[in-house]
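J.:
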Amino acid sequence: MKNILLEINNGIAVVTLNRPDQLNALNRETISELSGLLDELNNNKNVRALILTGAGEKAFVAGADIKEFAHFNIEEGRALSADGQTELFDKLENMSKPCIAAINGYALGGGLELAMACHIRVANTIAKLGLPEVSLGVIPGYGGTQRLTRLVGMGKALEMICTAGMIDADEALKWGLVNHVTTPEELMAKATDIATKISRQSGAAIAQALHAVRAAYQANNGGFTAEIEAFGACFGTPDFIEGTSAFMERRKPDFSNK
Ligand code: DAK
Numbered sequence: 008m009k010n011i012l013l014e015i016n017n018g019i020a021v022v023t024l025n026r027p028d029q030l031n032a033l034n035r036e037t038i039s040e041l042s043g044l045l046d047e048l049n050n051n052k053n054v055r056a057l058i059l060t061g062a063g064e065k066a067f068v069a070g071a072d073i074k075e076f077a078h079f080n081i082e083e084g085r086a087l088s089a090d091g092q093t094e095l096f097d098k099l100e101n102m103s104k105p106c107i108a109a110i111n112g113y114a115l116g117g118g119l120e121l122a123m124a125c126h127i128r129v130a131n132t133i134a135k136l137g138l139p140e141v142s143l144g145v146i147p148g149y150g151g152t153q154r155l156t157r158l159v160g161m162g163k164a165l166e167m168i169c170t171a172g173m174i175d176a177d178e179a180l181k182w183g184l185v186n187h188v189t190t191p192e193e194l195m196a197k198a199t200d201i202a203t204k205i206s207r208q209s210g211a212a213i214a215q216a217l218h219a220v221r222a223a224y225q226a227n228n229g230g231f232t233a234e235i236e237a238f239g240a241c242f243g244t245p246d247f248i249e250g251t252s253a254f255m256e257r258r259k260p261d262f263s264n265k
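Numbered by the numbering used here, the letters in the sequence shown go through residues 8 to 265 in order.
1. Do E234 and T152 have their beta-carbon atoms positioned less than 7 Å apart in this structure?
2. Measuring only from the beta carbon, is P191 closer than 6 Å to any heavy atom that is part of the ligand DAK?
3. Using 8 Å as the threshold, is the region 28 to 44 in touch with the region 180 to 187, meaning 3 or more CB pairs across them?
4. Taking L24 and K65 to be in contact with their CB atoms under 8 Å, please state how far apart those CB atoms are, rounded to whole angstroms.
5. Grab me the residues of N49's own chain with a C-beta within less than 7 Å of its C-beta, minus the 5 sequence neighbours each way, in chain order.
6. Closer than 6 Å to a non-hydrogen atom of the ligand DAK - does that hold for the CB of L30?
7. With which residues is E14 paired in a DSSP beta bridge?
8. For the ligand DAK, any of its heavy atoms closer than 6 Å to the Cβ of A69?
9. Smallest Cα separation from G18: which of D261, M255, D200?
10. Taking just the CA atoms, how far does M255 sit from D28?
11. Could you name the residues that DSSP lists as bridge partners for L57?
12. Answer yes or no: the CB of E40 versus the heavy atoms of the ligand DAK, is any distance below 6 Å?
13. If distances are taken between C-alpha atoms only, which option among I133, Y149, V220, C106 comes closest to G116?
14. Looking only at its own chain, which residues have a Cβ that is under 6 Å from the Cβ of A63, when we skip the five neighbours before and after it?
15. DSSP has I174 in a bridge; who is on the other side?
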């Protein structure tokens, strides 16, 4: 794998997204590598729990790779959102082993969506979490509108999504978006501690527990389809072209609101 590091110790797989010079932004290649790795780890009987984290000091994952998707049209946007959701984000949520996001810095856009598809989240004190997609003329397209709403409720979800703002780790703890906050030095130890406790329990029972808890939300899964359609529609707007161009040109966007 080019963009992912893997270490397995005592039944715990530590998966590190490794594009630190791009703040571990998720490009197609990384999504595809991670998708294949999840299949392998889910089938590996020696692995009992996973920890996902980002390489470097600054970021967990700073989002989907804006440079890669800036030129997509409506159809490509819609298709990619649908593929990404099934290929990676749903797959992660549907794993039969608990996945812990160790959020070691920015978790933005697709990065926060990745953390929210994990089952448990631990953040360090420098973490910043947000869904800034509307600042680019697009909306969260990897399940973020659904998973954030489930985790923190509609009011807080709409505030985060519509302001494109970021919150720090302590605020995320108050919102219920993360389970624990640690110092940067203690982050992996805390995640490992949780994973170790998991690894001492019955794996068969844990797989069933994951299945049962997920079922609490499956009665009304139509929101994911609505998100894909709305996400695709954004790719045809002048605001999307302006938002992504402004990011790449390192300037503030001047939206026409069309
Ligand atoms: N994509 C691509 N490159 C990124 C990136 C991103 N999301 N975030 C950072 N980088 C790159 C920067 O361009 C820069 O690269 P070079 O210019 O050095 O080559 C490098 O990482 C370091 O970033 P900065 O120089 O900007 O570092 P700062 O400390 O000054 O700022 C920052 C850190 C996190 C505040 C800033 O980098 C930032 O605002 N990044 C963008 C955050 C963002 O808006 N993320 C949300 C992206 S939207 C999709 C489905 C879903 C989505 C997209 C598509 N499809 C189905 C197609 C979801 C969309 C998103 O995630």
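Glycine included, each C-beta is placed from N, C-alpha and C at the ideal position.
T.: Well, looking at it:
1. yes
2. no
3. no
4. Going by Cβ atoms, the distance from L24 to K65 rounds to 12 Å, so no, they are not a contact pair.
5. M102, S103, K104
6. yes
7. V21
8. yes
9. D200
10. 15 Å
11. A20, C106
12. no
13. Y149
14. The question names Ala, but residue 63 is Gly in the sequence shown. Closer than 6 Å at Cβ, skipping near neighbours: P27.
15. L136
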